[in-house]
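FYI, the numbering for the sequence shown is 38 to 343, going by this note's numbering.
Glycine is no exception: its CB is placed at the ideal position from the N, C-alpha and C atoms.
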Amino acid sequence: MADNGAGVLQFDRMARLSISKPSGSFSDTDPQLNTLIIGGGDDAGNPGLRIVGSITKTNQKEPNIAEIKIYNLAPTTRAQFQGKGDRVVVEAGYRAAGYSRIFVGDTRTIDHRREGPDVVTVLKCGDGERSVRYAYASESFAGGSTVADVVDHCAKSMGLALGNVGVQLPALGKTLFQGWTSHGFASTELDRVLRAVGYGYSIQDGEIQILAPGESIAQTIPVLSPETGLLGSPEMGSPETKGKATSLKFRSLLLPSARPGGRVQLVCERYNGVFKIKKASHSFDTMGGDWYSDYESIQDPTTGVS
38 MADNGAGVLQ FDRMARLSIS KPSGSFSDTD PQLNTLIIGG GDDAGNPGLR
88 IVGSITKTNQ KEPNIAEIKI YNLAPTTRAQ FQGKGDRVVV EAGYRAAGYS
138 RIFVGDTRTI DHRREGPDVV TVLKCGDGER SVRYAYASES FAGGSTVADV
188 VDHCAKSMGL ALGNVGVQLP ALGKTLFQGW TSHGFASTEL DRVLRAVGYG
238 YSIQDGEIQI LAPGESIAQT IPVLSPETGL LGSPEMGSPE TKGKATSLKF
288 RSLLLPSARP GGRVQLVCER YNGVFKIKKA SHSFDTMGGD WYSDYESIQD
338 PTTGVS
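Shown next as structure tokens:
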């Protein structure tokens, strides 16, 4: 069982992958489309294929990563997974609540290997991988331009969804009296101009996310308790830097709605408060294995904790 963020218990796990080629189409789909959907359990109770996944997401600029294993694809389907750069969308959830997106990325490598009687297709992916590696930004900004002008240009040059970029631009109105020149990888240039004013960015499920230190994304805050999926007792750790907020690690049943930069409210014997998520790791297996989310968080200074 797990919680959908509103205190409703959920049962019956399910996951699916949507895999899109950057060009061309999969031969066993509608020829007008270029997406293949692979299901492991669905809202009708069909078992589908076995899908096993491990996803690590942080609020840092380095791409989030995923390793997805698909068991016993048809030989004709396996033959179409030979290159890299395919777009992968991973969704998981519970039958009563439906699917929620937990990862979007580009394939780094695709391998097919035998594990006993099974043939396993292994996808290793990075979130925004192609944009980070290849997107380029080249523009000169005259004196009097603003940080927002540079951020807007670099973010758009990356070719990703803009996420909360538009929301943050008004706060980035600092004037660049001597101008600014961006010439290099768009991801590097975006990081350079944001660090100059104390901000940072990450890529979350194919969207650019910009935050100031201590800031959180606007969201509905899931409530996590032993009754709604919290497992074991949260562990308090030492702060990364002296004087900084204390860290807290905890595990739940798979909780797609909590993501780095977001917040979660813990309600248990030792803690009752809101925590900001720095790192989320999801492990899932549609055939009865892991179905967990592990989090590293810090206390939200705007709400406190008791």
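Candidates F118, A185, F222, T212, of which the one nearest M195 by Cα: One-based indexing of the sequence shown puts residue 195 at position 158. Taking only the C-alpha atoms, the option nearest M195 is F222.
Closest Cα partner of E333 within the set G299, T183, Y173, E104: Along the sequence shown, one-based indexing puts residue 333 at 296. Cα-wise, what sits closest to E333 is G299.
Nearest-angstrom Cα separation, counted from L248 out to I254: Residue 254 sits at position 217 when you count from the first residue of the sequence shown. Residue 248 sits at position 211 when you count from the first residue of the sequence shown. Straight-line Cα distance between these residues: approximately 8 Å.
Sheet register partners of G135 (DSSP bridge): The residue you call residue 135 lines up with position 98 of the sequence shown. In the DSSP output, where bridge partners are listed per residue, G135 has Y131.
Euclidean distance between Cα positions of M51 and S175: Counting from 1 along the sequence shown, the entry for residue 51 is found at position 14. Counting from 1 along the sequence shown, the entry for residue 175 is found at position 138. Distance between the alpha carbons of M51 and S175: 44 Å.
For P112 and D164, the rounded distance between their alpha carbons: What you label residue 164 is simply residue 127 of the sequence shown in a count that begins at 1. What you label residue 112 is simply residue 75 of the sequence shown in a count that begins at 1. Approximately 27 Å, taken between the alpha carbons.
R296 beta carbon less than 8 Å from that of K94: Numbered from its first residue, the sequence shown carries residue 94 at position 57. Numbered from its first residue, the sequence shown carries residue 296 at position 259. Going by C-beta atoms, K94 is nearer than 8 Å to R296.
Residue burial classification, V202 (beta-carbon count within 10 angstroms, cutoff 16): Taking the first residue of the sequence shown as position 1, residue 202 is located at position 165. Per the 10 Å Cβ criterion, buried.
Validate contact between the region 152–160 and the region 101–115 using beta carbons, cut 8 Å, 3 pairs: yes
Collapsed DSSP secondary structure at C162 in the structure displayed: Residue 162 sits at position 125 when you count from the first residue of the sequence shown. Strand.
Cβ-based neighbour list, E244, same chain, cut-off 6 Å, excluding 5 preceding and 5 following: Stepping through the sequence shown from its first residue, residue 244 is reached at position 207. Taken in chain order, the residues that qualify are A198, G200.
Identified DSSP bridge partners for D123: As a first step, residue 123 must be located in the sequence shown, where it is residue number 86. None, per the DSSP bridge assignment.
Alpha carbon of R232 to alpha carbon of D49, nearest angstrom: Counting from one through the sequence shown, the residue named residue 232 turns up at place 195. Counting from one through the sequence shown, the residue named residue 49 turns up at place 12. R232 and D49: Cα-Cα distance of roughly 44 Å.
Local conformation of L292 per DSSP, three classes: What you label residue 292 is simply residue 255 of the sequence shown in a count that begins at 1. In this structure, L292 counts as coil in the three-state DSSP scheme.
When G142, D337, Q302, T323 are compared against A129, the one with the closest alpha-carbon: The residue given as residue 129 occupies position 92 in the sequence shown. Among G142, D337, Q302, T323, the Cα nearest to that of A129 belongs to T323.
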